[in-house]
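Quick note on our numbering: the sequence shown kicks off at 371 and runs consecutively.
Let me begin by presenting the structure, written as structure tokens, before commenting on it.
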Amino acid sequence: MRVKNCFVKFIIFFPILIVASFVLVLNVVLASENNFNCHSWSTCSPEGEQTRICQSLEGPKAGMTFVKTRDCTPEQKEQSNLNPVFDKIEPEIIMPGESVVQISGSDFGNEKGDSYVALVDTLDYNYISDFKEWSNSRIEFYAPDNIDAHEIGVRIGDETGKYHTFKNYYIQPIIKSIEPVSGYTGDTVKIDLNRHPNEIFPGDPMVNSLFSGENIKNEVTINVYFNGTKVSNITSDEFGYYNVKIPQGASSGKITVELYTPSSPKIKAVSENDFIVKNKIDCSIYGEQAYYDDVNESCNCKWGYKWNDNKTNCIKDVKEITQGDDPDNDGAPSEKDLFPEQKSEIVTRNYSFQYKMPGDSRGDYVNFEIDIPKDLYLYYQNENHSFSEDFNNITTFVTQDDPVIINIANQISEYKREKGLNPVALMLQLVGEIIYTDDKFSIKGWDEYPKYPVETILDKKGDCEDNSFLMASLFKALDLSEPLLVKFDNHLGISVIASKGMIDSVIEKWGYDFMHVANEPLKEDNPNNYHGFIYLETTGNVYWSFGYMPEELRDKEYELIPIYDNSVNNYNEHSDNNTDENNESKKESIVQREKNSVQDFDKDLSKRVGGKILLQVESDGEGWYVNPDDEKKYYLGKPLDVIRIMRKLGLGISEDSFDSFNGYAPKNLAGKILLRVKSVGEAYYVNPEDLKMHYLGKPIDALMVMRNLGLGISNNDLRKIEDVGNIKNY
């Protein structure tokens, strides 16, 4: 029984003894490992062993070294026997993030193991992780986005294995942007690549000089082609853009940028979209009075000239301007010409000054050479030179259709086209050259002697109203804006109607200082839209700024006088027709522009803005009326056009209905034009915001309704509204 108990106890405690012994041995081993400082295992020897040297840290054998050995794994044995040979890297030009890079050779090992591929720059290693294949003769990996490193390093085996670097590869650039996307021959185009040359040619010795601060322009050759036509001159700016001019003979198509060094292939970047080369016609073949019209992309005749019957030359248009028989072609109709059959003597006046304008420091020297037929001057001298008692005839002294005024307008247009000079600044300074002279001292027997512009130009002297008539005539001849006369108690100036778009464009180009403090009241009147008038002082100083009002006038009361009848020769029917022809041409140009720029129509947007007046703030503040009946937009041009269009689209109402409205129309008439059919067609616009009826009496009233009630709209949104309404015959 005792023997049996002993056997049972042995059976129970023997496993415990075994486990305790193992733990004791393990602790001894670990303790021994912790008491040694060992180097890392070596690479496999030909015998298939790895070794490392350890140094004892404690005990009687402290400081002594021992060599430990172990058998290599089969994979390590295989890599230790490799003797890799590197042949080449393909492709030669790599597209980051897209290309599959291939390294070919032999003895790479059938598996990657401890081998690696890395992008190596001057500071760090960037290891490749996305491999497509690893075989004994080929390594394939996907090019990462940041492969513009200096070199590619390949190590076969572990850290002690064989290493090789590749430097003869290049990075494919792309054209990031092209500005603008179209242009005429000779225009400058800015091209932006996504990489600089040192990122395109990593490791190329011809570009390495960049890292030492040396100039690389002699090592890297850059060519640019417009659809195969080579650019002759390329410059780069501080931002890395390449600036080129569209070469002669270029046509629409792809732009190609080509770069190479003496030790590299030609690397090309091709634009994604076609660049549109516009062909500007040489209009000089039609005579010196022809010019290129950028809007219509065709040749046109300057003011005062027209096409001959077969449209091959620009000829003088004096007879159409003055209306009436003018055999000597001097601008004065024969019934009032002192010498109707004899060619007039020409009197020339020169106005020379240095162009100055806030925000523009070029200081170009300009000269206006103005030829004035003496008979035309005498003709004006025989016209009326007094104001009517109620000043109703004041605007008859504005003569924008006069050949002398047109000649000056042509010269202003030339300075704008050829040198980029601001036409308003040119007019202000030209008029500022007129010597101020009070009528009572300069003209015997007259307290007030208003002159016609031709008289003022030839005399080179005048007072406030003379200069204002001249300035207003030039504004209308150039069709820059609608001028109005500003009549103070004892002074006359002019102003122009300015929308938010006009003011913003001036501020954007020339700065807030250009607008001057005198315009602050205009902004306060309507802080959201900045609609109002810009005042122009025409008397006494050649350097008045655009918008400047003399301090002594700022608190004075004034009257705005729109220029209705601008035909001083009293040929009203002809002048209306001539003005209508010019106005119709401009309207057709703007309407055609919008037709060519249509977007996908948004019927919901068209319905929401039905009956509203919209101002195209991203262009020149053009006004559009959206007819609620057909939801089409109708272009509102000059004051007369506004009232004609609105009356054409008007809805007739009875006197009983008009009286019952009491100034506010019912909701179903929101945004419509109402015509009182029994009151000579008086027109009223119903503001859709509050249903208030606004009287559209005189043309200037209609224009101001448009300006004051108009809502700003972007070009993009405007072009989503239903098609442009037909206004050709309005």
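Glycine included, every Cβ here is placed at the ideal spot set by N, Cα and C.
What you are looking at is a predicted structure, and each value in this text was computed from that prediction instead of being measured.
Distance between beta carbons of residue j and residue i, contact taken as under 8 Å
| i | j | result |
| --- | --- | --- |
| V601 | L629 | Rounded, the Cβ-Cβ distance is 14 Å, inconsistent with contact. |
| V717 | K744 | 5 Å |
| L840 | V801 | 6 Å |
| G606 | N613 | First, the residue type needs correcting, since residue 606 is Ser and not Gly in the sequence shown. Indeed, because the Cβ distance is near 7 Å, the residues count as touching under 8 Å. |
| Y611 | K560 | 5 Å |
| L1039 | G1020 | Contact flag wrong, Cβ pair sits at about 11 Å. |
| F858 | S851 | Contact flag wrong, Cβ pair sits at about 21 Å. |
| P466 | I541 | 6 Å |
| N966 | G1095 | With a Cβ gap of about 16 Å, N966 and G1095 do not count as contacting. |
| T421 | S450 | That belief does not hold up - the Cβ atoms of T421 and S450 are roughly 13 Å apart, past 8 Å. |
| S668 | A660 | No, S668 and A660 are not in contact; Cβ-Cβ is about 10 Å, not under 8 Å. |
Range of the contiguous beta strand (DSSP E) that encloses residue i
| i | result |
| --- | --- |
| M797 | Not the beta strand (DSSP E): M797 falls in the alpha helix (DSSP H), residues P793 to G802. |
| I827 | No beta strand (DSSP E) holds I827; the alpha helix (DSSP H) holding it covers P823 to D829. |
| A660 | A660 to D663 |
| P853 | P853 to K857 |
| L1019 | Looking at the DSSP string, L1019 is not in any beta strand (DSSP E), and its letter there is neither H nor E. |
| R1046 | I1043 to R1046 |
| Y1093 | A small fix is needed here, since residue 1093 is Asp in this sequence, not Tyr. It spans E1092 to V1094 - the beta strand (DSSP E) in which D1093 sits, taken as one unbroken run. |
| S474 | V470 to S476 |
| M1063 | M1063 to Y1065 |
| G553 | S552 to Y554 |
| E1172 | Because the chain is modelled from 371 through 1100, residue 1172 falls outside the range shown and cannot be assessed. |
| N754 | It is not in any beta strand (DSSP E) - N754 carries neither H nor E in the DSSP assignment. |
Simplified DSSP assignment, three categories, for residue i
| i | result |
| --- | --- |
| P998 | coil |
| A842 | helix |
| F536 | strand |
| A847 | helix |
| P1058 | coil |
| M434 | coil |
| L489 | strand |
| Y747 | helix |
| Y512 | strand |
| D457 | strand |
| Y656 | helix |
| N670 | strand |
| G583 | The predicted model places G583 with a pLDDT of 41, which falls under 50 and marks its position as unreliable, so this point remains unresolved. |
| K681 | coil |
| K893 | Note on K893: pLDDT 42, under 50, position unreliable in the model; no value is reported. |
| K676 | strand |
| C834 | helix |
| Y785 | helix |
| Q618 | coil |
| I318 | Residue 318 lies beyond the range of the chain shown here (371 to 1100); nothing can be said about it. |
| F406 | strand |
Contact check, residue i vs residue j, beta carbons under 8 Å
| i | j | result |
| --- | --- | --- |
| V487 | V455 | no |
| D836 | P820 | yes |
| G981 | K1042 | yes |
| G905 | Q799 | Gly is not the amino acid found at residue 905; the sequence shown has Tyr there. Their beta carbons are not under 8 Å apart, which means Y905 does not touch Q799 by this criterion. |
| Q472 | E419 | no |
| P514 | I637 | no |
| R565 | D518 | yes |
| R1082 | L985 | At residue 1082 the sequence reads Gly, which differs from the Arg that was named. For G1082 and L985, yes; Cβs fall inside 8 Å. |
| I827 | L975 | no |
| E521 | E481 | no |
| D663 | N670 | yes |
| F478 | N506 | yes |
| P823 | D772 | yes |
| D526 | L452 | This sequence places Ile at residue 526; Asp is not what is there. Cβ atoms of I526 and L452: closer than 8 Å. |
Per DSSP, cross-strand counterpart(s) of residue i
| i | result |
| --- | --- |
| Q420 | R440 |
| D770 | Per the sequence shown, residue 770 should be read as Gln rather than Asp. In the DSSP output, where bridge partners are listed per residue, Q770 has none listed. |
| L1081 | L984 |
| T626 | Y595 and V640 |
| K546 | DSSP output for K546 lists no bridge partner at all. |
| A1040 | In DSSP, A1040 forms no bridge with anything. |
| A1053 | L1045 |
| I541 | I464 |
| Y612 | I561 and S606 |
Span of the alpha helix (DSSP H) around residue i
| i | result |
| --- | --- |
| K325 | This structure does not reach residue 325, given that the chain is present from 371 up to 1100, and the question cannot be answered. |
| N1085 | N1085 to L1088 |
| P743 | Where P743 is concerned, there is no enclosing alpha helix (DSSP H), although the beta strand (DSSP E) it sits in stretches over Y735 to P743. |
| P567 | P567 to I570 |
| K973 | K973 to R978 |
Check: residue i C-beta below 7 Å from any heavy atom of the ligand SAH
| i | result |
| --- | --- |
| S668 | Annotation note on the ligand SAH: not contained in the displayed structure, which lists no ligands. |
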